[in-house]
Amino acid sequence: MYKPENVVIKDDESDSWEDTDLFKNRFAESTPGEMIFASRDMRGWSQAALAEKLGNSPHYVSDLENGRRAVSKKMAIALGKVFECDPSIFFDFGNG
Numbered sequence: 530m531y532k533p534e535n536v537v538i539k540d541d542e543s544d545s546w547e548d549t550d551l552f553k554n555r556f557a558e559s560t561p562g563e564m565i566f567a568s569r570d571m572r573g574w575s576q577a578a579l580a581e582k583l584g585n586s587p588h589y590v591s592d593l594e595n596g597r598r599a600v601s602k603k604m605a606i607a608l609g610k611v612f613e614c615d616p617s618i619f620f621d622f623g624n625g
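Each residue of the sequence shown is one higher than the one before, starting from 530 at the first, in this note's numbering.
Now the structure itself:
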């Protein structure tokens, strides 16, 4: 019988949420802004908290999340570092 306490996850084997197949399938058709929001929200971070980690303003983060500002390559790399995931999830490949 499955019991949550029987599940063992080793830290060195853990993927970030963004690198899991579940995340990629769920957000396959999402915009870069939606990906930023989902990554931030999953961690319980406010826009202000993410902005501080990125060295930007909360307004800037809001613009990214709402598609009013494009995610540059430099910003995608910064987001990848902050969220500890592959930065390519923050690029728009015409899927959204």
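Glycine is no exception: its CB is placed at the ideal position from the N, C-alpha and C atoms.
Apart from sequence neighbours up to five positions away, the residues of its chain that approach Ala580 with a beta-carbon distance below 7 Å are Ser586, Pro587, Tyr589 and Val590, ordered along the chain.
In this chain, the alpha helix (DSSP H) harbouring Phe566 covers Pro561 to Met571. Inter-residue distance for Gly573 and Phe552 is about 16 Å (C-alpha atoms, whole angstroms).
By the C-beta density criterion, Ile606 is exposed, having fewer than 16 other C-beta atoms within 10 angstroms. With respect to the 8 Å criterion, Leu583 and Val600 are not classified as neighbours on the basis of their beta carbons.
With fewer than 16 other CB atoms across the displayed protein chains lying within 10 angstroms of its CB, Ser617 is exposed. DSSP places Gly609 in the uninterrupted alpha helix (DSSP H) bounded by Lys602 to Phe612. The Cβ-Cβ distance between Glu547 and Ser568 falls below 8 Å.
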